[in-house]
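Enquirer:
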Amino acid sequence: MNSAIRSSYLTLSRDRNVPIPETPKLQPFPRFFDSTNRNNRFRDISSGSSLLRTRLRHDSAEFRTAFSHRVGVSSKNAQFGSFPDENEAQAPSFAEFITSERVKVVAMLALALALCNADRVVMSVAIVPLSLSNGWSRSFAGIVQSSFLWGYLISPIAGGTLVDYYGGKVVMAWGVALWSLATFLTPWAAETSLWALLAMRALLGIAEGVALPCMNNMVARWFPQTERARAVGIAMAGFQLGSSVGLMLSPILMSQGGIFGPFVIFGLSGFLWVLVWLSATSSTPDRNPQISKYELEYILNERKNSLVENKPKTTKVIPPFRRLLSKLPTWSLIIANAMHSWGFFIFLSWMPIYFNSVYHVDLRQAAWFSAVPWTVMAIMGYIGGLWSDIMIRNGMSVTLTRKIMQSIGFLGPGIALVGLTTAKSPAVASAWLTLAVGLKSFSHSGFLVNLQEIAPQYSGVLHGISNTAGTFAAILGTVGAGFFVELVGSFQGFLLFTSLLYVLAALFYDVFSTGERVNFDEPTHE
Numbered sequence: 007m008n009s010a011i012r013s014s015y016l017t018l019s020r021d022r023n024v025p026i027p028e029t030p031k032l033q034p035f036p037r038f039f040d041s042t043n044r045n046n047r048f049r050d051i052s053s054g055s056s057l058l059r060t061r062l063r064h065d066s067a068e069f070r071t072a073f074s075h076r077v078g079v080s081s082k083n084a085q086f087g088s089f090p091d092e093n094e095a096q097a098p099s100f101a102e103f104i105t106s107e108r109v110k111v112v113a114m115l116a117l118a119l120a121l122c123n124a125d126r127v128v129m130s131v132a133i134v135p136l137s138l139s140n141g142w143s144r145s146f147a148g149i150v151q152s153s154f155l156w157g158y159l160i161s162p163i164a165g166g167t168l169v170d171y172y173g174g175k176v177v178m179a180w181g182v183a184l185w186s187l188a189t190f191l192t193p194w195a196a197e198t199s200l201w202a203l204l205a206m207r208a209l210l211g212i213a214e215g216v217a218l219p220c221m222n223n224m225v226a227r228w229f230p231q232t233e234r235a236r237a238v239g240i241a242m243a244g245f246q247l248g249s250s251v252g253l254m255l256s257p258i259l260m261s262q263g264g265i266f267g268p269f270v271i272f273g274l275s276g277f278l279w280v281l282v283w284l285s286a287t288s289s290t291p292d293r294n295p296q297i298s299k300y301e302l303e304y305i306l307n308e309r310k311n312s313l314v315e316n317k318p319k320t321t322k323v324i325p326p327f328r329r330l331l332s333k334l335p336t337w338s339l340i341i342a343n344a345m346h347s348w349g350f351f352i353f354l355s356w357m358p359i360y361f362n363s364v365y366h367v368d369l370r371q372a373a374w375f376s377a378v379p380w381t382v383m384a385i386m387g388y389i390g391g392l393w394s395d396i397m398i399r400n401g402m403s404v405t406l407t408r409k410i411m412q413s414i415g416f417l418g419p420g421i422a423l424v425g426l427t428t429a430k431s432p433a434v435a436s437a438w439l440t441l442a443v444g445l446k447s448f449s450h451s452g453f454l455v456n457l458q459e460i461a462p463q464y465s466g467v468l469h470g471i472s473n474t475a476g477t478f479a480a481i482l483g484t485v486g487a488g489f490f491v492e493l494v495g496s497f498q499g500f501l502l503f504t505s506l507l508y509v510l511a512a513l514f515y516d517v518f519s520t521g522e523r524v525n526f527d528e529p530t531h532e
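Going by my numbering, the first residue of the sequence shown is number 7, and it counts up by one from there.
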């Protein structure tokens, strides 16, 4: 340590033409650094620094300046003379975090995801009067609702690849513009023909397929690992609030502006979002003209450890699909996303009908009963993200943290669904549903963040692959629920089956997932 300090002084002296002090006379350093008491060591270093400054005061002011640069306070460490690790950054305060540019970016992402989900759930409310006016059965109503998923099945892998290649900002802007156009044109399509309505809902799905890969890409580039679960929690809070807003406002807008009023309002809102997004955000922190020097240095220094690439790819557009699918951690994410989507779309598409048919509440009340859980999910998602980040910052391994979050996110809803099937009143049923959906949000701090960790360079396409599996599961669950109810005559049986799937998916993830980076660039050996 003593020789390292003298070497630093020699370097500074050569750079600044400063006289070199006679270091052999500075006896305190060997004695202080030989101390075995850690607390005394830091106190003595500071004392030694004071003696050295006193000695240098008789030499030159320029050397004092050079010395102060060597041992002065850095932007990441407030302790004088403590010689901090250059790679260790002090965590920002809550006020600094909430007012930072990166939070502004994730707030815009949250708003986009809110619009994304609001545009989805409008049909969950409108399907009731549409079914009555057109004489659709429940199984056919399930097919109409699943038409969104036909398009959503196509785009995630291609969209994820585009996100990895071009970055999240551009792809998200195109996605929001297209799904807002599809939402806006839905009234025209519904009045034209059934096929036009199905095609427009499929276009909505194609455009929305890029939303979550874009969110993951932007979070990975803007947030260090110790903040990513929180960032995803904020973004997904917008996603869940979009469900609440869509479910609660749609009946009101329909009563005032007709059955297609919500489609027009939400479609126009998306166009406005695109204008703000393009003018106020950037793909990466170093391209943002408004970011502070401190925040930029903090993000870049923290990102050195996570190895997230800073720039979009310019070569190798086609990702190594075979290698990605050859690893069990990839399949743990695929299974988790599939189960997450199965449960999500069952709750989203069928709960208004469930409350209407099982508890005989009217459409507006059914929408309110179905909307409350999504509001709770938004809050619980942020709490789960904050808890996850705290556990990692306190030394818990990333792998164990993700498994704990995912277990809560799947086993919790699995148990709550059993309670939902026993509820005798809509209030009790809504409480069980709220618990199921609220605990489900812990998955966002499990598999959803895990996508960035095992393959940061392929997070977009990996999200697309798992999203495609999730879409298959969502189609099967949404359509299957309608046929199951027609054949068996019971929603409760289907909910119990879903509960069992939650438990099995949690076990698979806990056994095969990892929080460490997986090398997908090595050739697959036969």
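Just so you know, even glycine gets a beta-carbon here, dropped at the ideal spot from N, CA and C.
Since the structure is predicted, the reported quantities are computational estimates derived from the model, not experimental observations.
1) Should the stretch 380-398 be regarded as contacting the stretch 464-475, the criterion being three or more beta carbon pairs within less than 8 Å?
2) For a test of the three-state rule: what should DSSP assign to Glu534, helix, strand or coil?
3) If we count Cβ pairs, one from each stretch, closer than 8 Å, do we get three or more for the stretch 507-520 versus the stretch 397-417?
4) Count the other CB atoms within 10 Å of the CB of Ser199; is the residue buried (16 or more) or exposed (fewer)?
5) Do you know offhand how far Arg523's Cα is from Pro219's?
6) In the structure shown, what three-state DSSP assignment does Gln262 receive?
7) Using 8 Å for Cβ pairs, my map puts Ile271 next to Leu259. What's the rounded Cβ distance?
8) Check whether the stretch 483-493 touches the stretch 298-306, counting contact only when three or more Cβ pairs, one atom from each stretch, lie closer than 8 Å.
9) Using three-state DSSP, classify Asn123 as helix, strand or coil.
10) May I ask which residues mark the beginning and end of the alpha helix (DSSP H) holding Leu278?
11) Flag this pair as yes or no: are the beta carbons of Ala237 and Val112 separated by less than 8 Å?
12) Between Phe500 and Val509, is the Cβ-Cβ spacing less than 8 Å?
13) Once the 5 residues before and after Ile149 are set aside, which same chain residues still bring their CB inside 8 Å of it?
14) Suppose the cutoff is 7 Å on Cβ atoms and the five residues either side in sequence are ignored; what does the same chain contact list for Asn456 look like?
15) Should Ser447 go down as buried or exposed, given a rule of 16 or more other Cβ atoms within 10 Å for buried?
16) For a minimum of 4 consecutive residues, which ranges assigned as the alpha helix (DSSP H) are wholly contained in the stretch 346-416?
17) Taking 8 Å as the threshold (C-beta atoms), are Leu119 and Met206 in contact?
18) Return the CA-CA distance between Ile460 and Trp194, expressed in angstroms with no decimal places.
19) So the alpha helix (DSSP H) Gly476 belongs to, where does it begin and stop?
20) What is the DSSP secondary structure of Glu522, counted as helix, strand or coil?
21) On the CB-based measure, 16 or more other CB atoms within 10 Å of its CB, does Phe353 come out buried or exposed?
22) In chain order, what residues of the same chain have a beta carbon less than 7 Å from the beta carbon of Asn294, not counting five sequence neighbours either side?
23) Using 8 Å as the threshold, is the C-beta distance between Tyr172 and Leu330 below it?
24) Going along the chain, which residues of its own chain have a beta-carbon closer than 7 Å to the beta-carbon of Leu302, five neighbours each way excluded?
25) For Val251 and Ala124, I'd like the C-alpha separation in whole angstroms.
26) Taking the beta carbon of Lys430 as the centre, do at least 16 other beta carbons fall within 10 Å, making it buried, or is it exposed?
27) Does the stretch 121-141 come within contact of the stretch 183-194, defined as at least 3 CB pairs closer than 8 Å?
28) Select from Ser137, Gly174 and Phe453 the residue whose C-alpha is nearest the C-alpha of Trp337.
29) Within the same chain, show all residues whose beta-carbon is closer than 7 Å to that of Ala511, passing over the 5 residues directly before and after it, in chain order.
30) Do you know whose CA, among Thr232, Gly264 and Phe497, lies nearest Ser363's CA?
31) Are the Cβ atoms of Ser153 and Leu115 separated by less than 8 Å?
32) Closest by CA to Trp536, which one among Ala208, Asp170, Ile305 and Leu210?
33) Label Gly387 either buried or exposed according to how many other C-beta atoms from any shown protein chain fall within 10 Å of its C-beta, with 16 as the threshold for buried.
34) Helix, strand or coil: which one does DSSP assign to Leu331?
35) Counting along the chain, where does the alpha helix (DSSP H) carrying Pro162 start and finish?
Expert: Looking at the atomic coordinates:
1) no
2) Lying before the first or after the last residue shown, residue 534 is absent from the chain, which here runs from 7 to 532.
3) Inter-segment contact for the stretch 507-520 and the stretch 397-417 is present: three or more beta-carbon pairs are separated by less than 8 Å.
4) Residue environment for Ser199: exposed (fewer than 16 other C-beta atoms within 10 angstroms of its C-beta).
5) 18 Å
6) helix
7) By a beta-carbon distance limit of 8 Å, Ile271 contacts Leu259. Their separation comes to about 6 Å.
8) no
9) Under the three-state reduction of DSSP output, Asn123 falls in the helix class.
10) Following the DSSP letters along the chain, one finds Leu278 inside the alpha helix (DSSP H) bounded by residues Gly267 to Ala286.
11) Their beta carbons are under 8 Å apart, which means Ala237 touches Val112 by this criterion.
12) no
13) Val485 and Gly488
14) Leu339, Arg408, Ser519 and Gly521
15) Classified as buried, Ser447 has 16 or more neighbouring CB atoms from the shown chains inside 10 Å of its CB.
16) 369-399
17) Not a contact, by the Cβ cut-off of 8 Å.
18) One C-alpha to the other measures close to 44 Å.
19) Ser465 to Val494
20) coil
21) buried
22) Glu107 and Ser288
23) no
24) Taken in chain order, the residues that qualify are Pro291 and Asp292.
25) Computed Cα separation, rounded: 7 Å.
26) exposed
27) yes
28) Phe453
29) Excluding sequence neighbours, Ala511 sits near Ile341, Ala342, Met345 and Phe416.
30) It is Phe497.
31) no
32) No statement about residue 536 is possible, as the shown extent of the chain runs from 7 to 532 and does not include it.
33) buried
34) coil
35) It spans Arg144 to Tyr172 - the alpha helix (DSSP H) in which Pro162 sits, taken as one unbroken run.
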